[in-house]
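For what it's worth, our numbering labels the leading residue of the sequence shown as 60, then goes sequentially.
Structure record follows, encoded as structure tokens.
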Amino acid sequence: MKEKTLKHWLIFWELFIGIGAVFGAAMMVISPTGNIMGMKGLIPAFQVLPFADIFFQSLLVPGIALLFVNGVTNFIAFYLLKKNNKYASIAGMCCGIILMLWICIQFYIFPLNFMSTLYFVFGIIEAITGYLLFREHKTK
């Protein structure tokens with residue numbers, strides 16, 4: 060694949076996942092009870108995690124974690140890509156891996172569901188795109 064095409068795809072994934080994470084985090088912070096997004100029933104599922112009685116009595120902490128783990132990281136990777144930084148492809152690849160790890164935690168907490176599975180696939184695609192762009196740079 061051409062470098063330009065790979066860059067465009069990586070930009071798409073970084074922005075799509077980053078904006079989605081910021082939106083999801085905002086909903087969790089604005090409504091920590093989960094009422095806005097219909098997620099109130101999910102809060103008891105967090106009780107399987109360590110320190111659940113401290114950090115997971117609402118969606119506030121998961122929302123803040125989502126913002127930093129998947130939102131900020133994807134925006135940093137996007138910035139690096141726009142600045143043609145030599146680490147941009149690696150950052151994109153890492154963001155895909157981070158998303159897959161995030162979803163693995165969701166698989167542990169929640170029953171298997173369509174959205175988590177779909178985002179796991181998005182993580183795979185983002186990681187592969189970052190890797191292919193990295194390989195494209197190496198062959199030049």
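Beta carbons: idealized from backbone N, C-alpha and C, even for Gly.
Of the candidates T132, S90, T64, T132 places its Cα closest to the Cα of I76.
When DSSP states are grouped into helix, strand and coil, T176 belongs to the helix group.
For Q165, the three-state secondary structure derived from DSSP is helix. Residue range 132-141 is occupied by the alpha helix (DSSP H) that includes Y138. Approximately 5 Å separates the beta-carbon atoms of Y178 and I162; this is inside 8 Å, confirming the contact.
A straight line joining the alpha-carbon of I95 with that of I157 spans about 26 Å. Straight across, the Cα-Cα distance linking A136 with P103 is about 33 Å. The continuous stretches of alpha helix (DSSP H) do not include A104, and DSSP gives it neither H nor E.
Residue state for G93 is assigned as coil, using DSSP reduced to three classes. Burial is judged here by how many other beta carbons sit within 10 angstroms of a residue's own beta carbon; T188 has at least 16 and is buried.
In the three-state reduction of the DSSP assignment, N129 falls in the helix class.
About 15 Å separates the beta carbons of L140 and M60, which is beyond the 8 Å limit, so they are not a contact pair.
A direct Cα-to-Cα measurement between H196 and E62 gives close to 8 Å.
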